[in-house]
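K.L.:
Got a structure here, written out as structure tokens. Questions coming.
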Amino acid sequence: MPMTVIVTRNVEARYRGFLASAMLEMAPGVYVSPELSKGVRERVWSVLTKWYAHLGNGAIVLIFADPSATGGLRLDFLGDPPKEVWDGDGVLLVRCAKPKGESVTGRVGNLPF
């Protein structure tokens with residue numbers, strides 16, 4: 015039973031009440047549980063997914079340990095651009111999906127990407 019973290023942003027109050035019933039709210043919109051079982055985590059995510067499909071506001075991120083994922087960390091998203099954990103030569107990085115219609119090449123300061 016690994017640590018589970020859910021972060022919400024700009025969502026309705028019903029999410030806050032529901033998540034606070036299953037997890038600790040450490041800061042506004044940040045919920046943690048040190049020992050949330052896989053079954054409970056999946057049920058919580060199922061409820062959030064159904065509500066999000068109906069309401070569609072804000073963004074929700076679920077973060078938990080997953081030995082089969084890169085770096086042992088799994089990220090699930092509702093509303094945010096999808097991100098993935100990427101192993102860049104031993105350094106764990108998070109990369110975002112390319113927005114539709116944008117080029118994958120560009121510059122950040124003097125550094126090409």
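Here the sequence shown stands for residues 15 to 127, numbered as in my numbering.
For glycine and all other residues, C-beta sits at the position ideal for the given N, C-alpha and C.
Since we're looking at a predicted model, the values are computed, not measured.
Whose C-alpha, out of Leu33, Val108, Ala27 and Lys97, is nearest the C-alpha of leucine 69?
P.N.:
Of Leu33, Val108, Ala27 and Lys97, the residue nearest in Cα terms is Ala27.
K.L.:
So what does lysine 97 bridge to, in DSSP terms?
P.N.:
BP columns for lysine 97 point to Cys110.
K.L.:
Considering only C-alpha positions, which residue in the set Gly85, Thr18, Gly72 and Val58 is nearest to serine 35?
P.N.:
That would be Val58, whose Cα lies nearest to the Cα of serine 35.
K.L.:
With 16 other CB atoms within 10 Å as the buried threshold, where does leucine 106 fall?
P.N.:
Exposed.
K.L.:
Assign serine 82 to buried or exposed, taking buried as 16 or more other Cβ atoms, counted over all protein chains shown, within 10 Å of its Cβ.
P.N.:
Exposed is the call here.
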